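Working notes for the structure below.
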Amino acid sequence: MDYVTSAANLSVRGGSRLRLSPPYVLTANGRKSAGARGKSDSGGIRASAGRVSRRRAGLKWSLLLAMTAVCLALDLVTKRLAEQHLAMGETREVLPFLFLQRTANDGVAFGLMGGKTIVIVVANLLALAVVVLYVLFERRVWLAGLAGGAVIGGSLGNLVQRLMGDGHVTDFLKFPHWPNFNLADVFIDAGIASVCIGLVVEAVRVHRAGRKPVVPEKSDL
Numbered sequence: 042m043d044y045v046t047s048a049a050n051l052s053v054r055g056g057s058r059l060r061l062s063p064p065y066v067l068t069a070n071g072r073k074s075a076g077a078r079g080k081s082d083s084g085g086i087r088a089s090a091g092r093v094s095r096r097r098a099g100l101k102w103s104l105l106l107a108m109t110a111v112c113l114a115l116d117l118v119t120k121r122l123a124e125q126h127l128a129m130g131e132t133r134e135v136l137p138f139l140f141l142q143r144t145a146n147d148g149v150a151f152g153l154m155g156g157k158t159i160v161i162v163v164a165n166l167l168a169l170a171v172v173v174l175y176v177l178f179e180r181r182v183w184l185a186g187l188a189g190g191a192v193i194g195g196s197l198g199n200l201v202q203r204l205m206g207d208g209h210v211t212d213f214l215k216f217p218h219w220p221n222f223n224l225a226d227v228f229i230d231a232g233i234a235s236v237c238i239g240l241v242v243e244a245v246r247v248h249r250a251g252r253k254p255v256v257p258e259k260s261d262l
């Protein structure tokens, strides 16, 4: 027969006390076993952790979708405005270091891989799949949502225009001595840079944590 104690301290012969950590109970043979309260607390902790995990996942994917939509819309709208208000090859100075110059780009960012539309489309689709996998496994909600959304939105912006047109995308931004580009390129580069910085920061944090001296825990004896 098991004898259950409801107190944290149990008096024994000689006035000494045997300390029991709730949620443990004392059995007839003197061993401790987990009680119903312990099982209930454990189940509650797991349920709470599950709710937190679901909320974090929901926030991550909400951020991803919102960022993707914003980047995609900004890219397509600005390209359309450039096509309406800039003649092909026309240049307008915005700032001493920034110009508007409309060009048609049949390559990827900054004019690379020109004329290889099929290869570019396949590469874009593969890149999108990689980004989605990254978002799935990235635990940092804001980094995954915002950086991933920027890359996906920019990639979709160029991909949509390329597929709906003649294989070209509209570039309209230019720095001196630098190839023309568009907002999609900015979003893609910013997202990739953010991910790389995040990976470096995480690696440094893990490295520093591994070098911290291990402090032995105090014994209850």
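Using the working numbering, read the sequence shown as starting at 42 and increasing by one per residue.
Yeah, the Cβ is synthetic: ideal placement off N, Cα and C, and Gly gets one too.
Computed from a predicted model, the values in this text were never measured in an experiment.
Check your understanding: According to DSSP, what are the bridge partners of glutamine 142?
Key -> Counting from 1 along the sequence shown, the entry for residue 142 is found at position 101. Answer by DSSP bridge pairing, in chain order: Thr132.
Review point. Alpha carbon to alpha carbon, what distance is there between leucine 240 and glycine 195?
Key: Taking the sequence shown and counting its residues from 1, the one referred to as residue 195 is at position 154. Taking the sequence shown and counting its residues from 1, the one referred to as residue 240 is at position 199. For glycine 195 and leucine 240, the distance between alpha carbons rounds to 21 Å.
Check your understanding: Cβ atoms of valine 182 and leucine 100: under 7 Å apart, would you say?
Key -> In the sequence shown, residue 100 corresponds to position 59, counting from 1. In the sequence shown, residue 182 corresponds to position 141, counting from 1. Yes, they are a contact pair.
Exercise for review: Output the boundary residues of the beta strand (DSSP E) element that contains leucine 214.
Suggested key: Position 173 of the sequence shown holds residue 214. Here the beta strand (DSSP E) through leucine 214 covers 210-215.
Practice item. Kindly indicate which residue of Val111, Val162, Gly232, Gly190 has the alpha-carbon position closest to the one of methionine 205. Key: Within the sequence shown, the letter at position 164 stands for residue 205. The residue from Val111, Val162, Gly232, Gly190 with its alpha-carbon nearest to that of methionine 205 is Val162.
Practice item. State the Cα-Cα distance for the pair leucine 177 and glycine 190, rounded to the nearest angstrom. Key: Walking along the sequence shown from the start, residue 177 turns up at place 136. Walking along the sequence shown from the start, residue 190 turns up at place 149. The straight-line gap from Cα to Cα measures roughly 12 Å.
Point to revise | Beta-carbon spacing of leucine 214, aspartate 116 below 7 Å | key: The sequence position of residue 214 within the sequence shown is 173, counting from 1. The sequence position of residue 116 within the sequence shown is 75, counting from 1. Contact flag unset, no.
Point to revise | arginine 97 versus arginine 180: straight-line alpha-carbon distance, rounded | key: Looking up residue 97 in the sequence shown gives position 56. Looking up residue 180 in the sequence shown gives position 139. Taking the straight line joining both Cα atoms gives about 9 Å.
Check your understanding: First and last residue of the alpha helix (DSSP H) that includes asparagine 221?
Key -> Along the sequence shown, read from residue 1 onward, the residue named residue 221 stands at position 180. Taken as a continuous stretch (DSSP letters only), asparagine 221 belongs to no alpha helix (DSSP H), as it is neither H nor E.
Exercise for review: Report the residue from Val171, Ile229, Phe138, Ser235 whose alpha carbon sits nearest the alpha carbon of asparagine 199.
Suggested key: If you number the sequence shown from 1, residue 199 lands on position 158. With distances taken between Cα atoms, asparagine 199 lies closest to Ile229.
Point to revise | Proximity below 7 Å, CB of valine 210 to CB of isoleucine 193 | key: Position 169 of the sequence shown, counted from the start, is the residue given in the question as residue 210. Position 152 of the sequence shown, counted from the start, is the residue given in the question as residue 193. No, the Cβ-Cβ distance between valine 210 and isoleucine 193 is not below 7 Å.
Check your understanding: Should proline 217 be labelled buried (16 or more other beta-carbon atoms within 10 Å of its own) or exposed?
Key -> Within the sequence shown, the letter at position 176 stands for residue 217. By the 10 Å Cβ count, proline 217 comes out exposed.
Review point. Does DSSP classify glutamate 124 as helix, strand or coil?
Key: Stepping through the sequence shown from its first residue, residue 124 is reached at position 83. Helix, per DSSP.
Point to revise | Inter-residue spacing [alpha-carbon to alpha-carbon] between leucine 141 and arginine 133 | key: Along the sequence shown, read from residue 1 onward, the residue named residue 141 stands at position 100. Along the sequence shown, read from residue 1 onward, the residue named residue 133 stands at position 92. If you draw a straight line from the Cα of leucine 141 to the Cα of arginine 133, it comes to about 5 Å.
Practice item. Please report how far the alpha carbon of glycine 208 lies from the alpha carbon of valine 245, in whole angstroms. Key: Mapped onto the sequence shown, residue 208 falls at position 167. Mapped onto the sequence shown, residue 245 falls at position 204. Their Cα atoms are separated by approximately 42 Å.
Review point. Does DSSP put arginine 92 in a helix, in a strand, or in coil?
Key: Reading the sequence shown from its first residue, position 51 is the one you call residue 92. Note: arginine 92 maps to helix in three-state DSSP.
**Study point:** Three-state class that DSSP yields for aspartate 147 in the structure shown
**Key:** Your numbering for residue 147 matches position 106 in the sequence shown. It is coil, neither helix nor strand.
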